[in-house]
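Each remark here refers to the structure printed beneath this line.
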Amino acid sequence: MKIHEIQEEILRLKQERNFCILAHSYQTSDITEIADFTGDSYALSVKAKETKQQNVLMCGVRFMAETVKILSPEKHVFLSSPDAGCPMAEQMDCDLIRQVKMKYLNYTVVAYINTTAALKTICDVCVTSSSAVRIVSQLSNEKILFIPDCNLGAYVQKQLPNKKIKFLQGGCPVHAAITVKDVAQAKAAHPNALLLVHPECRPAVCDTADYVGSTSGILQYAMQSKAKEYLIGTEISIAQTLQNACPEKRFYPLSKNLICQNMKATSLMDVYHCLRDGEGAEIQLDHATIAKARLCIDRMIALRG
Ligand code: 13P
Ligand code: SF4
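Residue numbers (the numbering used here): 5 to 309.
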């Protein structure tokens with residue numbers, strides 16, 4: 005079958021089986037074209053509560069599908085590629101964080117949404133990259149334990165110098181691999197390009213950027229700016245999406261290594277087989293986990309407004 009025929013079949017099956025398809029903006033265009041909604045992890049969390057269909061298929065990574073299940077426990081939530089996890093979300097387990105909490109007793113524990121459902125149950129509030137600064141700024145406690153991404157934590161600390169933020173050495177292996185040497189090489193190759201980076205990049209890399217923001221922030225900034233050339237410091241698909249959306253501008257990935265294999269684990273055929281044959285993984289979480297993890301995500305949505 006040709007790509008457009010598979011897409012048409014997916015659209016038909018989606019209707020017939022009462023599915024809503026959600027896609028993270030790191031998914032390839034053949035998938036975002038058939039999704040009901042594409043967005044960053046904050047927007048996907050909000051959408052999770054609004055979908056009318058009984059079944060939700062998440063094209064992204066496991067913690068995103070878990071977030072949908074936590075916010076819509078009555079729905080059947082599927083992850084199209086069962087092995088697609090976010091390595092950062094698996095870096096810290098509950099035992100480790102319980103021990104760290106003992107050390108930082110009066111701290112508010114802020115969890116990046118890139119964490120497992122189990123870990124969320126012992127944290128106070130979630131944040132996403134697009135909402136972290138706004139949410140942490142509204143917490144009455146000045147003492148914050150920020151997990152697991154030390155780079156995002158450092159970015160928040162820089163924006164909010166009045167807060168006292170402790171972080172552990174976790175982070176995204178894809179974004180944290182970018183070095184200032186990569187930046188220097190890319191700028192030498194494209195001296196007129198603006199540099200837009202995700203806050204999961206190291207502080208030394210963020211310091212060289214013209215703009216630091218979430219995937220949706222980078223998309224918006226580049227679409228609205230009058231500049232002609234951009235270096236994109238986040239997963240490579242964002243540079244591709246921008247190039248398709250703005251053919252009169254030029255978008256270059258900051259590094260050719262900016263590829264998240266987990267986000268790329270989902271193919272259009274996975275989506276097709278999930279809808280046609282029931283492949284993929286249904287997310288199963290017990291009631292207690294859902295109830296506790298939900299507090300953390302509901303607080304995020306309430307504070308983000
Ligand atoms: P966003 O919050 O920008 O969607 O980022 C999610 C993510 O996993 C980035 O690597
Ligand atoms: Fe996780 Fe990094 Fe992939 Fe985002 S890009 S899903 S943080 S590994």
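Even glycine gets a Cβ: it sits at the ideal position worked out from N, Cα and C.
Query                                                                                  : Result
Expected contact under 8 Å - CB spacing of N59 and H80 to nearest Å                    : 5 Å
Rounded separation between A306 and F82 - CA only                                      : 26 Å
Bridge partners - D214, DSSP secondary structure assignment                            : Its beta-bridge partners do not exist; DSSP assigns none.
Inter-residue Cα distance where the pair is T245 and P195                              : 22 Å
Reduced DSSP category for L299 - H, G, I as helix; E, B as strand; rest coil           : helix
Run of the alpha helix (DSSP H) containing M62, from where it starts to where it stops : Note, M62: premise wrong, no alpha helix (DSSP H); beta strand (DSSP E) at 59-63.
Boundaries (first-last residue) of the beta strand (DSSP E) holding H80                : 80-83
For P86, the three-state DSSP class (helix, strand or coil)                            : coil
Three CB pairs or more closer than 8 Å across the segment 25-42 and the segment 58-77  : yes
Coarse secondary structure for A27, derived from DSSP in three states                  : strand
Heavy atom of the ligand 13P within 8 Å of S218 beta-carbon                            : yes
Check: C90 C-beta below 8 Å from any heavy atom of the ligand MN                       : In the structure shown, the ligand MN is absent; the only ligands present are the ligand 13P and the ligand SF4.
Distance CB(Q312)-CB(K167) smaller than 9 Å                                            : Coverage of the chain is limited to positions 5 through 309, which leaves residue 312 absent and any answer about it impossible.
Integer Cβ distance of D87 from A269, believed to fall under 8 Å                       : 6 Å
Burial state of Q288 (16 or more Cβ within 10 Å)                                       : exposed
DSSP state of G174 mapped onto helix, strand, coil                                     : strand
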